[in-house]
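Residue numbers (this note's numbering): 1 to 155.
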């Protein structure tokens, strides 16, 4: 009787193991379809709609760097720069030599520089105390994020 119960337990374990494997494969497939839908939205010029698709893809495959990078780019394109920075810095810490991630960080820094430059140029309080020449923002990448303060141009 014990041998029969042992065989039933082994068969049940094998069946559950196979079901778990199939579930994980299905989750990756669902994530891939969500990712493809997000890419299609971005290519159609609707990055705002792509955010939900990329987030859905990440919910099925959290550690996929391609999904994270695509979400970060869509966040940047929709003006959610702080969220984009968080995703990109997480990716950069995992792979600092990846040129795609470094390019995305550079583009984000450029967006932040334009935003801060516009603030310096149009904020009424700063216009009173602004130097004769428009400030040029300088930024450094660190583990804490994109840091830097506007500095005056030397030319």
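Backbone N, C-alpha and C fix where the C-beta goes; we use that ideal spot for every residue, glycine too.
| Asked | Found |
| --- | --- |
| Proximity below 9 angstroms, CB of residue 69 to CB of residue 51 | no |
| Exposed unless 16 or more other CB atoms sit within 10 angstroms - verdict on residue 35 | buried |
| Whole-angstrom distance between residue 6 and residue 72, CA atom to CA atom | 50 angstroms |
| Three-way DSSP call (helix, strand, coil) for residue 18 in this model | helix |
| C-alpha distance - residue 41 paired with residue 74, whole-angstrom precision | 10 angstroms |
| Residue 88 and residue 101 closer than 9 angstroms at C-beta | yes |
| DSSP-derived helix/strand/coil call for residue 1 | coil |
| Within 9 angstroms, strictly: CB atoms of residue 84 and residue 108 | yes |
| For residue 110 and residue 96, the rounded distance between their alpha carbons | 19 angstroms |
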